[in-house]
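This report refers to the structure that appears directly beneath it.
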Amino acid sequence: MTPADLAAAVLDAVRDAVEAGELHVGVPDDAVIERPRNREHGDYATNIALRLAKAAGRPPREVAESIAARLRQRQGIAAADVAGPGFLNVTLDSAAQGGLVATIAEQGADYGRTNALAGQRINLEFVSANPTGELHLAGARWAAVGDAMARLLRASGAEVGTEYYFNDAGSQVERFGRSVYAVAMGRPVDEDGYRGEYIHDIARMVLAEHPALLERPADEAVEVFTRDGIDAMFTLIKNSLERFGVHFDVFFNERDLHTSGRLEQTVQRLRESGHVYEGDGAMWLRTTDYGDDKDRVIIRRDGAPTYFAADLAYYLDKRERGFDRVVIILGADHHGYVGRMRALVCCLGEDPDVTLEIPIGQMVTAQGSVLSKRAGNVVTLDLLIDTVGADAGRYAMVRSSMDSAIDIDLDLWASRTNDNPVFYVQYAHARIASLLRNAAELGVDRGEVGAAQLALLDSEREGDLLGVLGEFPGVVTAAAELRAPHRVARYLEKLAGTYHRFYDDCRILPRGDEEPTPNAVPRLWLCEATRVVLANGLGLLGVSAPDRM
RNA sequence: GCGCCCGUAGCUCAGUGGAUAGAGCAGCUGCCUUCUAAGCAGUCGGUCGCAGGUUCGAGUCCUGCCGGGCGCACCA
Numbered sequence: 397m398t399p400a401d402l403a404a405a406v407l408d409a410v411r412d413a414v415e416a417g418e419l420h421v422g423v424p425d426d427a428v429i430e431r432p433r434n435r436e437h438g439d440y441a442t443n444i445a446l447r448l449a450k451a452a453g454r455p456p457r458e459v460a461e462s463i464a465a466r467l468r469q470r471q472g473i474a475a476a477d478v479a480g481p482g483f484l485n486v487t488l489d490s491a492a493q494g495g496l497v498a499t500i501a502e503q504g505a506d507y508g509r510t511n512a513l514a515g516q517r518i519n520l521e522f523v524s525a526n527p528t529g530e531l532h533l534a535g536a537r538w539a540a541v542g543d544a545m546a547r548l549l550r551a552s553g554a555e556v557g558t559e560y561y562f563n564d565a566g567s568q569v570e571r572f573g574r575s576v577y578a579v580a581m582g583r584p585v586d587e588d589g590y591r592g593e594y595i596h597d598i599a600r601m602v603l604a605e606h607p608a609l610l611e612r613p614a615d616e617a618v619e620v621f622t623r624d625g626i627d628a629m630f631t632l633i634k635n636s637l638e639r640f641g642v643h644f645d646v647f648f649n650e651r652d653l654h655t656s657g658r659l660e661q662t663v664q665r666l667r668e669s670g671h672v673y674e675g676d677g678a679m680w681l682r683t684t685d686y687g688d689d690k691d692r693v694i695i696r697r698d699g700a701p702t703y704f705a706a707d708l709a710y711y712l713d714k715r716e717r718g719f720d721r722v723v724i725i726l727g728a729d730h731h732g733y734v735g736r737m738r739a740l741v742c743c744l745g746e747d748p749d750v751t752l753e754i755p756i757g758q759m760v761t762a763q764g765s766v767l768s769k770r771a772g773n774v775v776t777l778d779l780l781i782d783t784v785g786a787d788a789g790r791y792a793m794v795r796s797s798m799d800s801a802i803d804i805d806l807d808l809w810a811s812r813t814n815d816n817p818v819f820y821v822q823y824a825h826a827r828i829a830s831l832l833r834n835a836a837e838l839g840v841d842r843g844e845v846g847a848a849q850l851a852l853l854d855s856e857r858e859g860d861l862l863g864v865l866g867e868f869p870g871v872v873t874a875a876a877e878l879r880a881p882h883r884v885a886r887y888l889e890k891l892a893g894t895y896h897r898f899y900d901d902c903r904i905l906p907r908g909d910e911e912p913t914p915n916a917v918p919r920l921w922l923c924e925a926t927r928v929v930l931a932n933g934l935g936l937l938g939v940s941a942p943d944r945m
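Be aware that the first sequence starts at 397, since it is given in this note's numbering, and climbs by one per residue.
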C-alpha cells in the first residue's frame with residue numbers, strides 16, 4: 397500500500413461517514429499523509445480530522461474517531477488510532493507494507509511518475525546567457541536546475557518545451573564583434589569591450605574561415621567578426637551544455653523576431669491596447685497602469701526597439717505556439733525584470749498570474765568568489781566540469797534551494813569521500829548493484845516479485861526503508877509543483893542513508909556454506925526496489941546511477 | 001530611498017500551518033576473518049535574527065525593526 401493508496405482510503409472513510417450522516421462536511425479533494433517522525437505514532441499519520449473539525453462543527457478527536465472506525469475495517473490496515481489534538485495514526489499490516497516493493501518493482505522506471513500536472517503545456521526557458529562570453533557558474537546553476545525542473549514537470553505529466561533564448565541582436569553583440577576584431581588586429585580592446593582568452597579563440601576561429609578578412613575595410617570586417625564570432629561563441633556554449641548533459645528543445649534566435657515581423661506585430665498590438673504614448677521622441681508603454689514603478693520605453697528615440705519589445709514578442713510567440721504557461725528561470729541579478737514583464741503581459745490583456753511565472757534563483761560562487769584563482773578568470777562551466785565532473789557539478793548546483801545563495805567548494809565536490817553528497821547517493825546505488833550481482837553468482841534467484849514473501853519485511857529497519865520508498869512519488873510531485881528540484885536531491889540523501897542503515901542491520905545473502913534464509917528473497921526485492929528509486933531520482937536530476945564505483 | 005531573496009547547531013544547509021525542529025561536516029567514543037568501511041552506531045551541540053500579531057497550533061502566515069546578498073537604463 398502506497399501513501400497515495402492510503403490517502404484514497406482515508407477519503408473513502410470520510411465519504412462513508414458523511415453518507416452515514418455522522419459528519420456534515422464536503423469531502424476534500426486530497427488528504428495529507430505523513431510519515432511521522434516518531435514511529436510510536438504508527439506508519440502513517442493524517443491531520444484530516446483537524447482540518448475538517450471546524451467545518452463539521454465537532455471536536456477534532458470525534459471526527460478522527462469516526463474516520464478511524466471505518467479505516468480499521470479496511471484490508472491492509474492493522475490499526476488506526478486517534479492521538480494528540482486529533483491526529484489519526486495508521487499502522488499497516490506487514491503484507492500491505494511489503495506490497496510496496498512489488499509496486500515499485502513492477503512499475504520500474506515509471507515509479508514516481510504521476511499525472512499531477514497532466515494537461516499543462518509549459519514552456520520552460522533557462523540559461524539564455526548572452527552569446528558574448530562563455531557560460532560561467534550562474535549559467536551552470538540554471539542549466540542544472542532548469543533541466544532537472546523540466547524532467548520533474550514531465551514526470552508529473554506536464555507537456556514541456558525547454559528553450560534557450562539566444563540574444564544575437566543589439567548593442568552588446570556589436571560590442572562583442574568590435575572586441576574580436578580588435579584582438580584579431582592586435583589592437584587593445586575598447587574600455588567597454590570584452591576581454592578574456594576566449595575572445596582570442598573566437599578571433600582565430602573566424603580568421604580560419606576567412607583568412608583575408610583583416611585586409612577588408614574595417615566596417616565590413618567587423619560585420620563578419622560579429623556574425624561569425626557569435627556563431628562560434630554559440631557553438632562553444634552548446635558544446636559546454638552538451639558536456640553537462642543539458643539539452644534544449646529549442647534555441648530561439650532573437651534576430652528572428654526582428655526579421656520575421658513578429659516584433660512589429662507585437663508593437664502594433666500594444667498600440668491597439670491603448671497603453672502606448674509618445675514622449676521625448678521615443679515610444680513608451682504605460683506599465684505603471686499595472687503596478688510597475690515607471691513606464692518603459694518600447695521604441696527608442698533612434699527607432700530601434702528595446703529588449704522589452706523583443707521579450708514581449710518572444711512571450712507572444714511562445715503563447716501562440718500553444719503553451720499555456722511561460723516559465724522563465726532568472727538569476728537574482730535580473731529580478732528587477734519580473735515586475736516589468738508582468739506589467740507588459742497585462743498590457744497585452746493577459747493575466748500574468750495564470751500565464752507567466754518567473755522563478756528567481758540566487759547567486760552562486762565557487763571558493764567564495766565568482767573568480768577562479770586557478771584560471772585568473774571567471775569560473776566557467778567548462779572549468780567546473782573539468783574540476784569536479786558533470787555529475788558532481790550538476791548535483792552541487794541542484795541540491796540547494798534556488799532561494800539560497802550558494803558557494804561551491806570545488807575540493808569537496810571533487811573528492812571521493814562520504815563528505816561528498818553525490819558520492820554518498822551514487823555509492824548506495826553501486827552497493828546495491830554489487831549485491832545483486834553477488835546474489836546471482838551465489839545462485840540466489842529472487843524469482844518473480846509476486847511470489848516473494850514480502851510480509852517478512854517487518855523489522856524496524858525494513859519498515860523505515862519501506863516508508864522512505866513510499867514517499868518518492870509525493871516528493872516528485874511536490875518538487876514539480878513547487879519548482880524545487882533540490883527536494884529530490886535531499887530525498888535521495890535520506891533514502892541512501894536509510895538504505896545503508898538497513899544494510900548494516902539486515903544480512904541478506906548467505907555467508908560461507910550457509911543456506912539462504914527465508915528473508916533473502918524479500919530482502920533482495922527490497923534492495924532492487926531501492927535501486928530503482930535511487931536510479932529514478934538521480935535520473936530526474938540528470939545524474940548517473942553507476943553500477944560500480 | 002524603493003523592491004526581491006536570505007538569517008535555523010561551531011560550519012554548510014533541509015524543513016508544502018501540525019506531535020519532542022532535522023541532516024551532513026567538524027569534535028568526542030566505538031564497529032571491518034562476513035554481501036562495496038565511499039558504510040554504520042553512540043555522544044556533544046538550538047532564545048529557529050529581534051519584537052509584536054493571526055491561529056486550537058507558527059521555524060513556516062502578517063506587520064515593524066536589525067543584519068547580509070542582489071537589483072532599481074532609450075544595456076541584455
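Yeah, the Cβ is synthetic: ideal placement off N, Cα and C, and Gly gets one too.
Remember, it's a predicted structure, so these values are computed and weren't measured experimentally.
- For P748, the number of other beta carbons within 10 angstroms of its own is at least 16, and it is reported as buried.
- A distance of 9 angstroms or more separates the beta carbons of P527 and V576.
- Per DSSP, Y560 lies in no alpha helix (DSSP H); the unbroken beta strand (DSSP E) holding it starts and ends at 555-562.
- By the Cβ-count criterion, Q664 is exposed, with fewer than 16 other Cβ atoms from all chains shown falling within 10 Å of its own Cβ.
- When DSSP states are grouped into helix, strand and coil, P607 belongs to the coil group.
- A536 sits away from F522, with the two beta carbons spaced by 9 angstroms or more.
- Each residue's CA atom was taken as its position, placing E877 and Q822 some 26 angstroms apart.
- Counted as a single uninterrupted DSSP element, the alpha helix (DSSP H) harbouring F572 occupies residues 567-580.
- E867 has its alpha-carbon roughly 9 angstroms from the corresponding atom of G508.
- As summarised for the segment 879-926, the continuous alpha helix (DSSP H) elements at least 4 residues long and confined to that stretch are 882-901, given in chain order.
- If you look at L681, you'll find it in the beta strand (DSSP E) that goes 678-681.
- Going by DSSP, N635 is part of the alpha helix (DSSP H) stretching over 614-639.
- Looking only at D729, E587, R612, the smallest Cα-Cα distance to M581 is reached by R612.
- The C-alpha of V497 is placed about 28 angstroms away from the C-alpha of V478.
- P869 is a Cβ neighbour of A400, given a cutoff of 9 angstroms.
- Partner residues in the beta bridge of S765, as assigned by DSSP, are A762.
- A835 sits away from A925, with the two beta carbons spaced by 9 angstroms or more.
- In this structure V750 is exposed. Its beta-carbon is surrounded by fewer than 16 other beta-carbon atoms within 10 angstroms.
- Under the three-state reduction of DSSP output, N932 falls in the helix class.
- By the Cβ neighbour-count rule, K714 is buried, with 16 or more other Cβ atoms within 10 Å of its own.
- Rounded to whole angstroms, L653 and V884 show a C-alpha spacing of 37 angstroms.
- In the DSSP assignment, V864 falls within the unbroken alpha helix (DSSP H) covering 856-877.
- When Cβ pairs closer than 8 angstroms are counted between the two stretches, the segment 590-610 is seen not to touch the segment 657-671, the count staying below three.
- Inter-segment contact for the segment 790-797 and the segment 934-943 is present: three or more beta-carbon pairs are separated by less than 8 angstroms.
- DSSP places Y590 outside both helix and strand once states are collapsed to three, so it counts as coil.
- Using a Cβ distance threshold of 9 angstroms, D597 and L632 count as a contacting pair.
- Around L402, the same chain offers I429, Y440, V486 as residues with beta carbons nearer than 7 angstroms, after the five sequence neighbours per side are excluded.
- Nearest Cα to F647 within the set F640, E837, K634: K634.
- Below 8 angstroms, too few C-beta pairs join the segment 615-634 and the segment 800-813 to call them touching: fewer than three.
- Contact between A599 and D586 is ruled out by a C-beta separation of about 15 angstroms, above the 8 angstroms threshold.
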